[in-house]
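Here the sequence shown is numbered in our numbering, starting from 22 and rising by one per residue.
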Amino acid sequence: MIPAIETNNLVKRYGDVTAVDDLSLCVATGEIYAFLGLNGAGKTTTIRMLLGMITPTAGEAIVLGARIRAGEKQPWDAIGYLVETPNAYPELTVRENLDAIRRLRPGTDARAVERVIENLGLRAYADRRAGTLSLGNAQRLGLAKALMHAPRLLILDEPANGLDPAGIVEIRKLLRGLADEQGVTVFMASHILGEVARLAQRIGIIHRGRLIQELNVDELERNRRQRLVIRARDNRAACAALVASGFFASVTQDDLIAVDDARAIENPDDIATRLVNAGHPPTMLNIAQEDLEHYFLRLVGMTNE
22 MIPAIETNNL VKRYGDVTAV DDLSLCVATG EIYAFLGLNG AGKTTTIRML
72 LGMITPTAGE AIVLGARIRA GEKQPWDAIG YLVETPNAYP ELTVRENLDA
122 IRRLRPGTDA RAVERVIENL GLRAYADRRA GTLSLGNAQR LGLAKALMHA
172 PRLLILDEPA NGLDPAGIVE IRKLLRGLAD EQGVTVFMAS HILGEVARLA
222 QRIGIIHRGR LIQELNVDEL ERNRRQRLVI RARDNRAACA ALVASGFFAS
272 VTQDDLIAVD DARAIENPDD IATRLVNAGH PPTMLNIAQE DLEHYFLRLV
322 GMTNE
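This is the structure we're talking about:
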């Protein structure tokens, strides 16, 4: 089967700045693929090349079997896309915005407007002007526009932007249903690993324009480190005592002590004894798996924990 998305040695430079560097991807038809990176890592630039909005400096992008060239006719009838900040006609209602998009796509089912209003939870806002919508509901409207013509491929830039936790769960369920029941391919860019790991089958991590890791969800679980998590009455003093004993320990943003050291995980009783002897008895001591965000930040070198 032809891949839904394929890039071969894709490069984009702006003067002396390389935004995307030798990027090679292959996304299978019907797959949910998460493209993860910090802001400025090259995600949006990659999406713009996939959509034919900008021309690569080198390499090629192939989408739904067609080589993408900026300015030429692309397979738009089969692609739905959402940019990070979706646009709408602010003076038109949600329903009028969607109907305007429907009319721009000949052959789109006249019932599509009401279908996407229902699927995206926009029924209560259908007759409100788009300019009055909250960020989350503006995002729902952008997703509705992307789904209007029942595309075979969805390319989404930060699809959960502005959504509350309940909205994120709804969108996750919707995208999973499209992939499982209709074979729709979903390519979504995000900077939040915890958000996409619950949905994606494979994850590609881009950093400074380069793909630094590609893995499935099972591999992600295996790659996450175990760590000893401790709470004491004075976490900073207790952490300093462990560091003085030669352990790699730090105080996390959650004000806990994290010990990333195999010796500690193999013998937590020894750590407890050391802290008691140092006058900092632990009030909690657990072996825990590294959280997803810490794994991501460790991978891109953004944490010392």
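Cβ atoms here follow ideal geometry from the backbone N, Cα and C, with glycine treated the same way.
Only counting the same chain, and skipping five residues up and downstream in sequence, which positions put a Cβ closer than 7 Å to that of N30? D43, S45, A79, G80
Pull up the DSSP beta-bridge partners for E235, would you. G225
Which residues share a DSSP beta bridge with I251? I278, L306
Where does E27 sit, in a helix, a strand or coil, going by DSSP? strand
Just to confirm before moving on: does the CB-CB distance between V250 and C260 stay below 8 Å? no
Can you tell which of R248, D275, D276 has its C-alpha closest to the C-alpha of F268? R248
Closest residue to G142 among R149, A131, L162 (Cα-Cα distance): L162
I'd like the span of the beta strand (DSSP E) that includes F208, first residue to last. 206-211
Can you give the Cα-Cα distance for L277 and L103, rounded to whole angstroms? 39 Å
Which of the three DSSP states is assigned to I89 in this structure? coil
Nearest CA to the CA of I213: which residue from I227, E202, Q203, D201? I227
With DSSP run on the structure shown, which of helix, strand or coil describes R150? strand
Collapsed DSSP secondary structure at A171 in the structure displayed: coil
Just reading off the alpha helix (DSSP H) that L313 is part of, what are its end residues? 313-320
Which runs of the alpha helix (DSSP H) fall wholly inside the segment 34-102 and span at least 4 residues, in chain order? 64-71
Could you check the C-alpha separation between E326 and T76 for me, to the nearest Å? At E326, the pLDDT of 48 sits below 50, so the modelled position is not reliable; the number obtained from the coordinates is stated separately. Approximately 40 Å between the Cα atoms of the pair.
As a quick exercise: from G61, A25, I23, M70, pick the residue whose alpha carbon is nearest that of K33. M70
Ordered along the chain, which non-local residues of its own chain (more than five positions away) have a Cβ less than 8 Å from that of G225? L46, Y54, A55, F56, L57, L232, Q234, E235
Can you give the Cα-Cα distance for D98 and N288, rounded to whole angstroms? 59 Å
If we ignore side chains and look at the alpha-carbon of each, how far apart do T304 and L296 end up? 11 Å
Could you tell me whether the Cβ atoms of A109 and A159 are closer together than 8 Å? yes
Helix, strand or coil at L241 according to DSSP, with G and I counted as helix: helix
Assigned secondary structure, E326 (DSSP; H/G/I helix, E/B strand, else coil): Residue placement at E326 is poorly supported in this model, since its pLDDT is 48, which falls under 50; the coordinates still yield a value, given next. E326: coil per DSSP, three-state reduction.
Report the rounded CA-to-CA distance for A299 versus D290, giving the unit in angstroms. 14 Å
Rounded to whole angstroms, what is the Cα-Cα separation between G399 and V41? For the chain, the structure presents residues 22 to 326; residue 399 sits outside this window and is missing.
Taking the alpha carbon of K194 as the reference point, which residue from T66, L320, E216 has its own alpha carbon closest? E216
Measure the Cβ-Cβ separation of I100 and L174 and say whether it is below 8 Å. yes
Using DSSP's beta-bridge definition, name the partner residues of D178. A210
Find the nearest neighbour of R136 within the set T66, H170, R246, judged by alpha-carbon distance. H170
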